[in-house]
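A short write-up of the structure that comes next.
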Amino acid sequence: MWTHASDQDLMDVLEGAGRVSAVDHVERCDHCRSRLQAAREGLRLAQAADVPEPSPLYWESFRQQVGRRLDSVPAPATWRWTLGPAFAALALTLAVLSVPGLRLLQPAGESGPVLPAWSPPLSAEEDPGLSLIQALAPSEDDLKAGSGGDAATDSLGELSDDESSALAEALRSELQGRNL
Numbered sequence: 037m038w039t040h041a042s043d044q045d046l047m048d049v050l051e052g053a054g055r056v057s058a059v060d061h062v063e064r065c066d067h068c069r070s071r072l073q074a075a076r077e078g079l080r081l082a083q084a085a086d087v088p089e090p091s092p093l094y095w096e097s098f099r100q101q102v103g104r105r106l107d108s109v110p111a112p113a114t115w116r117w118t119l120g121p122a123f124a125a126l127a128l129t130l131a132v133l134s135v136p137g138l139r140l141l142q143p144a145g146e147s148g149p150v151l152p153a154w155s156p157p158l159s160a161e162e163d164p165g166l167s168l169i170q171a172l173a174p175s176e177d178d179l180k181a182g183s184g185g186d187a188a189t190d191s192l193g194e195l196s197d198d199e200s201s202a203l204a205e206a207l208r209s210e211l212q213g214r215n216l
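Add 36 to a position in the sequence shown, counting from 1, and you land on the number used in this note's numbering.
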């Protein structure tokens, strides 16, 4: 049975780390070769983009809104502690940092096209993913204390800087030498 290269195989080929069979397939298949070219163009555009920093007023408003939302969440009935969310955050961070060729900071002097800092959201008719996002949103019952919500996630948001640093250090020492 013959199939096209998966998205993961195409990304591996794009990064120069593809399996020989995937590279051979992309070289022979017009469809996969055009998908690889589109991925290259997208990567070039993303690397060349110069996204301006929002104004300080935006960050102040953002901080206040987050604070209000955190204050409105009732304290959990019981304090359960699981390391699941912390491990997930650590795994995501390691995955992002291990992507070869990812340029998190653009060297000084290089400038690409400037993207707008904000654009109007799409309407529900224009955005087919909106219904999926709405379906995944937590219900009011999920947000109430004692309804099975994850108290660990709530507790992580309440940690001070010192407590966050202590947690990070404890996780590092616990995970030292383990393959994730």
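Beta carbons are placed, not taken as given, at the ideal position from N, Cα and C, and that holds for glycine. Source: prediction; values computed, not measured.
- Where in the region 51-82 do unbroken runs of the alpha helix (DSSP H), each at least 4 residues long, occur, reported from the N-terminal end onward? 56-64
- Query: Can you tell which of S200, C65 and A58 has its C-alpha closest to the C-alpha of D48?
  - Reply: Taking the first residue of the sequence shown as 1, we reach residue 48 at position 12. Closest by alpha carbon: A58.
- Are the region 60-75 and the region 40-47 in contact at 8 Å, needing three or more beta carbon pairs? In short, these stretches touch, since the Cβ pair count reaches three.
- Stretch-stretch touch, CB-based, cutoff 8 Å, three pairs: the region 189-206 with the region 97-112: yes
- Task: Sort L46, G54, F123 and S91 by Cα distance to S70 and report the nearest one.
- Result: Numbered from 1 along the sequence shown, position 34 holds the residue referred to as residue 70. Nearest C-alpha to S70: L46.
- Measure the CB-CB distance between A160 and P88 and report whether it falls below 7 Å. Within the sequence shown, numbered from 1, the residue matching residue 160 stands at position 124. Within the sequence shown, numbered from 1, the residue matching residue 88 stands at position 52. No. Outside cutoff.
- Of the listed residues E77, S91 and S97, nearest to A85 (C-alpha basis): Locating residue 85 in the sequence shown gives position 49, where the first residue counts as 1. It is E77 whose Cα lies nearest to the Cα of A85.
- Item | Cβ shell of A75 (< 8 Å), same chain only, five flanking positions each side left out | On the sequence shown, residue 75 is found 39 positions in, with the first residue counted as 1. Closer than 8 Å at the Cβ level, and outside the excluded window around A75, lie L46, M47 and L50.
- Item | Proximal residues to L166 (C-beta, below 7 Å), its chain only, five neighbours per side dropped | By 1-based counting over the sequence shown, the position of residue 166 is 130. Around L166: A160.
- Taking the alpha-carbon positions, what's the R214 to L126 distance? Within the sequence shown, the letter at position 178 stands for residue 214. Within the sequence shown, the letter at position 90 stands for residue 126. Those two C-alpha atoms are separated by around 13 Å.
- Helix, strand or coil at E194 [DSSP, three-state]: In the sequence shown, counting from the first residue as 1, residue 194 sits at position 158. Coil at E194, not helix or strand.
- Near Q100, what residues of its chain come up, given a Cβ to Cβ distance below 7 Å and the 5 sequence neighbours on each side ignored? The residue given as residue 100 occupies position 64 in the sequence shown. Nothing listed; no residue qualifies.
- Task: Please work out which residues of its chain come closer than 7 Å, Cβ to Cβ, to G54, disregarding the five sequence neighbours upstream and downstream, and give them in chain order.
- Result: By 1-based counting over the sequence shown, the position of residue 54 is 18. The answer, listed in chain order, is D45 and D48.
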